[in-house]
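Colleague: Residue 148 in numbering that gives the first Met the number 0 sits at position 149 of the sequence shown, and the numbers go up by one each step. A virtual CB, placed ideally from N, CA and C, is assigned to each residue, including glycine. Next up is a structure, given as structure tokens.
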Amino acid sequence: MYRMYRRKIPGETACMSADRTIDLTQLLADVPDLEQLPGVCRDGVFAGAPFEVAWDGTWRTTHRRGPFGLTLDDVSRDDIIVDTAQGVLTLRRPLATNSNSSGQVSGVAISSSLRVAGTEGSPTALFRTYVSTPDLTSKVCFPEGYVDPTLRFQATARLPLVLGTTAIDVLFIARGPFLIVEAPAESGVADAAARFREVSGAIRMVLSYLLGIRLDRRNCDVQLDSAGRVTQVDWFAGRSGSEDTIYRPIPVSWSEWVAASRALGLQVRGGPLVPSIVSAMVQTFLAEPGLAAPIEYLLRFHEVPVEMRGAFLSVALESLTDQLQKKGLFEFPKPLPEEQWTSFLKAAQGLVDSQTDWPKDQREVVLSRLRNLNSPTNAAKLTVPFEALGVKLSEDERKAIDKRNRLLHQGRLLSPDYVRENRQAWKEAYAVEMRIYTAVNKLLLVHMGYRGAFIDWGAGTVGEAPDVYGLITG
């Protein structure tokens, strides 16, 4: 069910409620600074050479191996083991990218891991993921706050989640800035570290989609024992560059949330990120990893030029449709009932087989096409999941989806000549694209268990901030 309103309301308000006391200084101290962990290579072609590693996976060393230096072909593709003051640092699959005759070699590693000296055999009690993010203070309205006894204003936002019986905290701190995912080690799990990486990745993917902010940039996983000591740290380079977007499915900033909640009659103080709902969405994502594909398309469609985004979004809708169909949520309607189709196909096959002067491969081509005649068109398929999940499409959204064939086969809606003669023509394509984007968002949000306000980008004014909101009520 959806209710649609159009209303602009200025002003911002915080949506924080219950407080949790956190030692922010200790939270930050638990992240060893990889740049401050120089060491000496243990073995291999760099044995005895000093190593420096950065959090983005880049590394450099200086060697002394003959007068001609070391060529890239000489660099081993095995892990590089470095002894540091804090413990053993491992660089996995370290690619060498540059070397010179002075003895300097540099490269990049997929990941780096530190096992803290003196903690061998100490079981992990707590996991944390630290993600490097932009400042979220004015971009996201978190449901709860937390305070630090000393640095009160540095501790800003908290989203408590529950997955199964495990309580997980998502925290944002302005120092860094960092988004932190924290969870206790699950008992009885064979590889608790791998399980945490999976859960942390799912949380970050769902939040990336909801917030329009990539949370898979450089990050590290930290393991702590029951005494609070850091035992292991794993650094991952993550994505490079800025790929955030203004596009997001729900109103997450304070100003958007105030406008949407007042227009829809919601409680302003509640905030858009309801912990139980976000938890349910993460559970759905963990159960259906195939959802990563349509979410990735929705996160990246803005990177292609306007007027070609529709093709990207059409692929997102097809990907989501395939995922929902595999779940058995609906069957595609067929033009003819099965009994009538079987009778017709048998007669048609007999007619083709009687054409003995046709080469066998030609008959096979014709038969193959005949077998697909009782399938619905691709455009028709794309409206079926909306009906099955009870997602109402506006007439404009339905017309936009009908343009799927042109978008995919031609890559654009408007001809180059038309665009040259009409400088404002891009607005027509943009409106179609935003209607597809909104439709896919509604379908995905409903399937993942979201309930609450969403942004209707297709009903907004081109070039202005969205001011039309709808409500998903279940």
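Do Leu323 and Pro248 have their C-beta atoms within less than 9 Å of each other?
Modeller: no
Colleague: Measure the CB-CB distance between Pro148 and Thr20 and report whether it falls below 9 Å.
Modeller: In terms of Cβ geometry, Pro148 and Thr20 form a close pair [threshold 9 Å].
Colleague: Alpha carbons only, please: which of Arg157, Phe300 and Val267 is nearest the one belonging to Val169?
Modeller: Arg157
Colleague: Please return the same chain residues whose Cβ sits closer than 7 Å to the Cβ of Gly47, not counting the five positions on each side in sequence.
Modeller: Contacts found: Val39 and Cys40.
Colleague: Ignore the nearest five residues each way along the sequence and tell me which others in Ile294's own chain have a CB closer than 7 Å to its CB.
Modeller: For Ile294, where only same-chain residues beyond five positions count, the Cβ hits under 7 Å are Met204 and Tyr208.
Colleague: Could you give the first and the last residue of the continuous beta strand (DSSP E) run that contains Asp466?
Modeller: Asp466 -> no beta strand (DSSP E), and no H or E assigned at all.
Colleague: In the DSSP output, which residue or residues are listed as bridge partners for Arg157?
Modeller: Glu143 and Leu170
Colleague: For a test of the three-state rule: what should DSSP assign to Glu337, helix, strand or coil?
Modeller: helix
Colleague: Using three-state DSSP, classify Gly86 as helix, strand or coil.
Modeller: Looking at Gly86 - three-state DSSP - the assignment turns out to be strand.
Colleague: Taking the C-alpha atoms as reference points, what is the distance between Ala438 and Ser100?
Modeller: 58 Å
Colleague: Please state whether DSSP places Tyr436 in a helix, a strand or coil.
Modeller: helix
Colleague: Short check: CB of Ala259 to CB of Tyr468, under 9 Å?
Modeller: yes
Colleague: On the criterion of 16 or more Cβ atoms from any shown chain inside 10 Å, does Asn371 qualify as buried, or is it exposed?
Modeller: exposed
Colleague: With burial defined as no fewer than 16 other Cβ atoms inside 10 Å of the residue's Cβ, what is the status of Pro465: buried or exposed?
Modeller: buried
Colleague: Once DSSP output is grouped into helix, strand and coil, what is the label at Leu442?
Modeller: Helix, per DSSP.
Colleague: Roughly how many angstroms lie between the CA atoms of Val130 and Leu344, to the nearest whole one?
Modeller: 57 Å
Colleague: May I ask you to report which of helix, strand or coil DSSP gives Gln507?
Modeller: Residue coverage of the chain in this structure runs from 0 to 473, which leaves residue 507 outside it and unanswerable.
Colleague: Would you kindly report the start and end of the unbroken beta strand (DSSP E) that includes Gly451?
Modeller: Gly451 to Ile454
Colleague: What's the C-alpha gap between Lys402 and Ile172?
Modeller: 44 Å
Colleague: Just to confirm my understanding: we take Glu287, look at its own chain, exclude 5 residues before and 5 after, and list those with CB closer than 6 Å. What are they?
Modeller: none
Colleague: For Val305 versus Tyr429, is the C-beta distance shorter than 9 Å?
Modeller: yes
Colleague: Helix, strand or coil: how does DSSP classify Pro49 here?
Modeller: strand
Colleague: Along the chain, where does the beta strand (DSSP E) that runs through Thr57 open and close?
Modeller: Thr57 to Thr61
Colleague: Would you call Glu396 buried or exposed, if buried means 16 or more other Cβ atoms sit within 10 Å of its Cβ?
Modeller: buried
Colleague: Suppose the cutoff is 6 Å on Cβ atoms and the five residues either side in sequence are ignored; what does the same chain contact list for Trp456 look like?
Modeller: Met433, Tyr436, Thr437 and Pro465
Colleague: Report the residue from Tyr145, Asp190, Pro133 and Glu317 whose alpha carbon sits nearest the alpha carbon of Pro176.
Modeller: Pro133
Colleague: Pick helix, strand or coil for Arg5, following the three-state DSSP scheme.
Modeller: Note that Arg5 scores a pLDDT of 35, beneath 50, so its modelled location is shaky; the value from the coordinates is reported in the next line. In the structure shown, the three-state DSSP call for Arg5 is strand.
Colleague: Could you give the distance in angstroms between the alpha-carbon of Leu36 and the alpha-carbon of Ala84?
Modeller: 7 Å
Colleague: What is the C-beta distance between Val107 and Ser75, in whole angstroms, given that I count them as a contact (C-beta under 8 Å)?
Modeller: No, Val107 and Ser75 are not in contact; Cβ-Cβ is about 15 Å, not under 8 Å.
Colleague: Whole angstroms is fine: what's the gap from Glu427's alpha carbon to Gly327's?
Modeller: 36 Å
Colleague: Along the chain, where does the alpha helix (DSSP H) that runs through Leu490 open and close?
Modeller: Absent from the structure is residue 490, since the part of the chain shown begins at 0 and ends at 473.
Colleague: Sorted by chain position, which residues of the same chain lie with C-beta nearer than 6 Å to Gly473's C-beta, five sequence neighbours on each side aside?
Modeller: Arg450
Colleague: From Phe126 to Asp78, what does the alpha carbon distance come to, in whole angstroms?
Modeller: 24 Å
Colleague: Going by the DSSP bridge assignment, what does Thr128 pair with across the sheet?
Modeller: Val180 and Asp220
Colleague: How big is the Cα-Cα spacing for Val139 and Ala28?
Modeller: 25 Å
Colleague: Does the Cβ of Gly117 have 16 or more other Cβ atoms within 10 Å, making it buried, or fewer, making it exposed?
Modeller: Exposed: under 16 other Cβ atoms inside 10 Å.
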